[in-house]
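Residue numbers for the first sequence follow our numbering, so the first one is 813 and each next one is one higher. Data block below; observations after.
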Amino acid sequence: MSDFRLYNTLTRQVESFAPADGRVVRMYTCGPTVYNPAHLGNFRTFLFEDLMRRALALRGWSVHQVMNLTDVDDKIIKRAQEQGRTITEVTEPVIEIFHRDREFLRIQQAEAYPKATAFIPEMLALVGTLVERGVAYQADDGSVYFAIARFPSYGKLSRLDTREIRSGARVLQDEYTKENAQDFALWKAAKPEDEATGAAWDSPWGRGRPGWHLECSAMAMQLLGETLDLHCGGIDLIFPHHEDEIAQSEAATGKTFARVWSHGAFLLTDGSKMAKRVGNVFTVEGLREAGISAAAVRHFVYNTHYRKELNLSDQALEASTEAVRRVGEFARRLRDPATLERGGTAGLAHAADEALGLVRDALFDDLNAPEALAALFDFIRKGNAELDRKGGDRASVDRAIEVFERIDGVLDIVPLAVAADAELVRWIEERLTSRREARIRRDFVESDRIRDELAARGVVLEDGGGSTRWKLG
RNA sequence: GGCGCGGUAGCCAAGUGGUAAGGCAGCGGUCUGCAAAACCGCUAAUCGCGGGUUCGAUUCCCGCCCGCGCCUCCA
């Protein structure tokens, strides 16, 4: 059995990883706040998590992934108020868009997408426990806060010096009725706009709504148990979000909340973090309209290690589009009836076996997708070279296909063929027949004219082996 | 200020204490009527700068420069 290694933010080291029960990885991933369609930066994290779940599966474990949808928060309430709607009316369409984008990028469906608003009782139970244990208190403003001073290990994930935090935050002290400026809200007392937008619930502490950090703790423990195998998210969530999740969960249960914490680095645009306020946000919809394939986006993202910042650029996306086109050509060629008939070579099978080994090693070594891609491309080059030779060995082709599918089962970077409607296909076939006839009578002026005519409508030709293949480019 | 990440060929990007994967782009060749696709070959990196440790450092340590992030909502 191969070792599976992951960088753990908690220890700042790459460590050996295995699910506690040896079988199922219980994985919690912080999902989007659904007030606006998620941007590509968000999706880089979700793609990192998709790679994680697929690599874990390749290793032979089952994965039980939960991704929350934060459907109640300040921004959502603000938006609802502006539009005179309820928070649900605001979030529902955004959730739909999220799943549409997710599917476009071929991000596998998680086992559960709990909405915060569906877990209010669980959250209140958690608050109750924390109040009972004396680590949470209700302040004069009616909100319930977590007292970080009563949770000694606070700060262990982010390694922030608490004195530094306190002094830096001192100026804010006046604005709150909290015991300590860094205490965070578990339950926020309802304001008029909360009531107006359907964002208020009854509780033992009065009307209110849950704090963001509370949602994740409550849903994660409810759906995955008190100790998770793996908790993932964007690097910006380390503090305070994940730090606070740890505090709430561990103060309540006395158990380790997540055995391993894994964080993905940012996607940058023009050298800075992709964020709405910077105005450098790209959406999945925008990419799709620009004709960039999901396969290219995946290649682009996986070509850089998940813990390293990645800068979005047209040039990089174009390079990925080309790279992925080559992967698609190889996939097509492997499954081509002519290839199957012709058979492969022993070298083909060897190249396949070697590639699978290297890909597994790379992915199991802290999700080194760039190295896995390198191994795939080596396989493609060697495989193509072997397929150019007289084969005869059908089994080697089968092996190559099997290996390719296993590798691509993780990376998922074969571009979709552009679909053509029936009428276009008829026209193309008719043109190809004319061109074939022209070529037979060696009228290359006419045959090239037809090729140009087809090219003008995006049809790319490849002559070879006595026949001509076409595809939409 | 505190905590953290990065600076590798024209571009993107792995990696290692013994001079460096892969992709894109470029150049030549094979194949093709010509292309395309594929393959073969080539070009291209003093691994940010300066010290130190070492037989030897791009890889370890120190300092510096540059870029980015978190410390407030944030993937």
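Glycine included, C-beta positions come from ideal geometry on N, C-alpha and C.
Please state the DSSP three-state secondary structure of Val-1139. Working through the first sequence from its first residue, we reach residue 1139 at position 327. Here Val-1139 sits in helix by DSSP.
Collapsed DSSP secondary structure at Lys-1283 in the structure displayed: Indexing the first sequence from 1 puts residue 1283 at position 471. Note: Lys-1283 maps to strand in three-state DSSP.
Once the 5 residues before and after His-851 are set aside, which same chain residues still bring their CB inside 7 Å of it? Reading the first sequence from its first residue, position 39 is the one you call residue 851. If we look at His-851 and ignore the five residues flanking it on each side, its Cβ neighbours are Met-1086, Val-1093, Phe-1094, Thr-1095.
Looking at the secondary structure, which residues open and close the beta strand (DSSP E) in which Asp-1165 lies? Reading the first sequence from its first residue, position 353 is the one you call residue 1165. No beta strand (DSSP E) holds Asp-1165; the alpha helix (DSSP H) holding it covers 1158-1176.
Between Gly-1010 and the rest of its own chain, which residues show a CB-CB distance below 7 Å, the 5 nearest in sequence each way excluded? Along the first sequence, read from residue 1 onward, the residue named residue 1010 stands at position 198. Within the same chain, Gly-1010 has close Cβ partners Thr-898, Ile-899, Thr-900.
Look up Ala-1271 in the DSSP assignment and give the residues it is bridged to. For the purposes of this step, residue 1271 is identified with residue 459 of the first sequence, where counting begins at 1. Residue identity check: residue 1271 is Val in the sequence provided, not Ala. Bridge partners of Val-1271 according to DSSP: Leu-1284.
When DSSP labels each residue in this structure, what does Phe-958 get in the three-state scheme? Indexing the first sequence from 1 puts residue 958 at position 146. It is a strand residue.
Same chain only: Cβ atoms within 8 Å of Arg-975, ignoring 5 sequence neighbours per side: Translated into the one-based positions of the first sequence, residue 975 becomes position 163. With a pLDDT of only 44 at Arg-975, under the threshold of 50, the placement of this residue in the model should not be trusted; the figure read from the coordinates follows. Once the five neighbours on either side are set aside, Arg-975 has no close Cβ partner at all.
Which whole runs of the alpha helix (DSSP H) in the segment 1061-1129 are 4 residues long or more, in chain order? Runs of the alpha helix (DSSP H) lying entirely within the segment 1061-1129 and spanning at least 4 residues, in chain order: 1096-1101, 1106-1114.
Under the three-state reduction of DSSP, which class applies to Pro-1182: helix, strand or coil? As a first step, residue 1182 is located in the first sequence; it is residue number 370 there, counting from the start. Reduced to three states, the DSSP call for Pro-1182 is helix.
Relative to the C-alpha of Leu-1035, which candidate in Ala-959, Pro-926, Pro-1016, Ala-948 has its C-alpha closest? Looking up residue 1035 in the first sequence gives position 223. The residue with the shortest Cα to Cα distance from Leu-1035 is Pro-926.
Can you have a look at Ala-1106 and say buried or exposed, based on whether 16 or more other CB atoms are within 10 angstroms of its CB? Counting from 1 along the first sequence, the entry for residue 1106 is found at position 294. Burial call: buried.
Simplified DSSP state of Cys-842, which is helix, strand or coil: One-based indexing of the first sequence puts residue 842 at position 30. Of the three classes helix, strand and coil, the one that applies to Cys-842 here is coil, per DSSP.
Are the segment 1137-1148 and the segment 816-825 touching, with three or more C-beta to C-beta distances below 8 Å? Using a Cβ-Cβ distance cut-off of 8 Å, the segment 1137-1148 and the segment 816-825 are not in contact, since fewer than three pairs of beta carbons, one from each stretch, lie closer than that value.
Evaluate contact between the segment 1175-1188 and the segment 1109-1118, counting only Cβ atoms and requiring at least three cross-stretch pairs below 8 Å. Between the segment 1175-1188 and the segment 1109-1118 there are three or more inter-stretch CB-CB distances shorter than 8 Å, so the stretches are counted as touching.
Cα separation between Ile-1192 and Thr-1151? One-based indexing of the first sequence puts residue 1192 at position 380. One-based indexing of the first sequence puts residue 1151 at position 339. Approximately 15 Å between the Cα atoms of the pair.
Please return the same chain residues whose Cβ sits closer than 7 Å to the Cβ of Ser-1246, not counting the five positions on each side in sequence. To locate residue 1246, count along the first sequence from 1; it is residue 434. Listed in chain order, the non-local C-beta contacts of Ser-1246 below 7 Å within the same chain comprise Ile-1262, local neighbours out to five positions each way being set aside.
8 Å contact criterion, which Val-1136 and His-1111 should meet: CB distance rounded: Within the first sequence, residue 1136 is the residue found at index 324, counting from 1. Within the first sequence, residue 1111 is the residue found at index 299, counting from 1. Contact annotation, Val-1136 with His-1111: C-beta distance approximately 5 Å; criterion of less than 8 Å satisfied.
Just list the alpha helix (DSSP H) runs in the segment 1177-1249, keeping only unbroken ones of 4 residues or longer that don't cross its boundaries, in chain order. Listed in chain order, they are 1181-1199, 1206-1223.
How would you label His-1043, buried or exposed, when you count the other beta carbons within 10 angstroms and need 16 or more for buried? By one-based count along the first sequence, residue 1043 stands at place 231. Burial call: buried.
Output needed for Trp-1282: all residues of its chain with C-beta closer than 8 Å, excluding positions within five of it in sequence on either side, in chain order. Looking up residue 1282 in the first sequence gives position 470. So the qualifying residues of the chain are Ile-1240, Leu-1244, Leu-1266, Val-1271, Val-1272, Leu-1273, Glu-1274.
Is Ile-1213 near Leu-1146, with beta carbons less than 8 Å apart? Counting from 1 along the first sequence, the entry for residue 1213 is found at position 401. Counting from 1 along the first sequence, the entry for residue 1146 is found at position 334. Result yes, Cβ atoms of Ile-1213 and Leu-1146 sit closer than 8 Å.
Ranges of the alpha helix (DSSP H) found wholly within the segment 902-975, counting only runs of at least 4: Those alpha helix (DSSP H) runs which fall completely within the segment 902-975 and span 4+ residues are 932-944.
Just reading off the alpha helix (DSSP H) that Arg-865 is part of, what are its end residues? Your numbering for residue 865 matches position 53 in the first sequence. Counting along the chain, the alpha helix (DSSP H) containing Arg-865 begins and ends at 852-871.
Only counting the same chain, and skipping five residues up and downstream in sequence, which positions put a Cβ closer than 8 Å to that of Ala-1232? In the first sequence, the residue the question calls residue 1232 occupies position 420. Ile-1240, Leu-1284, listed in sequence order.
CB-CB under 6 Å to Ala-1184, same chain, minus the five flanking residues each way: which ones, in chain order? Your numbering for residue 1184 matches position 372 in the first sequence. Same-chain partners within the cutoff: Val-1171, Ala-1174, Leu-1175.
When the Cα of Gln-994 is compared with those of Ala-961, Ala-1008, Ser-970, which residue comes out closest? Along the first sequence, read from residue 1 onward, the residue named residue 994 stands at position 182. Answer by Cα proximity: Ala-961.
Identify which residue in Ala-1030, Ala-1187, Ala-951, Asn-820 has its Cα closest to the Cα of Met-879. Residue 879 sits at position 67 when you count from the first residue of the first sequence. For Met-879, the nearest C-alpha among the options comes from Ala-1030.
Does DSSP put Arg-1021 in a helix, in a strand, or in coil? By one-based count along the first sequence, residue 1021 stands at place 209. DSSP places Arg-1021 within a strand segment (E or B) once states are collapsed to three.
Rounded separation between Phe-816 and Ala-830 - CA only: Here residue 816 refers to the residue found at position 4 of the first sequence. Here residue 830 refers to the residue found at position 18 of the first sequence. Each residue's Cα considered, the two are about 7 Å apart.
Among residues of its own chain, excluding the 5 on either side of Arg-856, which ones have a beta-carbon nearer than 6 Å to its beta-carbon? Locating residue 856 in the first sequence gives position 44, where the first residue counts as 1. Excluding sequence neighbours, Arg-856 sits near Leu-1079, Val-1113.
Just the Cα atoms here: how many angstroms apart are Arg-918 and Met-839? Locating residue 918 in the first sequence gives position 106, where the first residue counts as 1. Locating residue 839 in the first sequence gives position 27, where the first residue counts as 1. Taken atom to atom, the span from the alpha-carbon of Arg-918 to that of Met-839 is near 19 Å.
Measure the alpha-carbon distance for Phe-1069 versus Met-864 and round it to whole angstroms. In the first sequence, residue 1069 corresponds to position 257, counting from 1. In the first sequence, residue 864 corresponds to position 52, counting from 1. Rounded to whole angstroms, Phe-1069 and Met-864 show a C-alpha spacing of 19 Å.
N-terminal and C-terminal residue of the alpha helix (DSSP H) that Glu-894 is part of: Along the first sequence, read from residue 1 onward, the residue named residue 894 stands at position 82. In the DSSP assignment, Glu-894 falls within the unbroken alpha helix (DSSP H) covering 886-895.
Compute the Euclidean distance between the alpha carbons of Val-902 and Lys-1088, then round it to the nearest angstrom. Stepping through the first sequence from its first residue, residue 902 is reached at position 90. Stepping through the first sequence from its first residue, residue 1088 is reached at position 276. Separation of Val-902 and Lys-1088 (C-alpha to C-alpha, rounded to the nearest whole angstrom) is 18 Å.
Helix, strand or coil, according to DSSP, for Arg-1154 in the structure here? By 1-based counting over the first sequence, the position of residue 1154 is 342. Looking at Arg-1154 - three-state DSSP - the assignment turns out to be helix.
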